[in-house]
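What follows is a short report on a single structure.
Residue numbers (this note's numbering): 226 to 308.
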């Protein structure tokens with residue numbers, strides 16, 4: 226009932242100032258570091274580093290992809306809320 230079975234912890238650890246979009250799922254005992262962004266409807270099952278952006282299923286956007294989205298006028302913070 227607590228989510229712990231012996232020494233096994235199965236809950237995700239969410240850092241400070243993390244933005245998680247609507248419908249996103251962070252599954253398992255993983256770390257989402259500070260200032261990360263999880264896009265709407267994303268599924269995250271791997272650790273996410275500080276300042277990284279995740280969309281889709283475990284797809285971490287690199288700086289080149291973020292720059293391309295900004296150049297196209299896409300706002301990566303639409304439909305996000307702060308935890």
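Ideal Cβ placement from N, Cα and C applies to all residues, glycine included.
Residue i - partner residues in DSSP beta bridges
i, result
"residue 284", "280"
"residue 273", "257"
Three-state secondary structure assigned by DSSP to residue i
i, result
"residue 268", "strand"
Rounded Cβ spacing between residue i and residue j (contact assumed at less than 8 Å)
i, j, result
"residue 251", "residue 269", "5 Å"
"residue 246", "residue 263", "6 Å"
Residue i and residue j closer than 8 Å at C-beta
i, j, result
"residue 255", "residue 243", "no"
Inter-residue Cα distance where the pair is residue i and residue j
i, j, result
"residue 253", "residue 236", "6 Å"
"residue 276", "residue 284", "14 Å"
"residue 266", "residue 233", "27 Å"
"residue 249", "residue 282", "10 Å"
"residue 261", "residue 238", "12 Å"
"residue 257", "residue 278", "10 Å"
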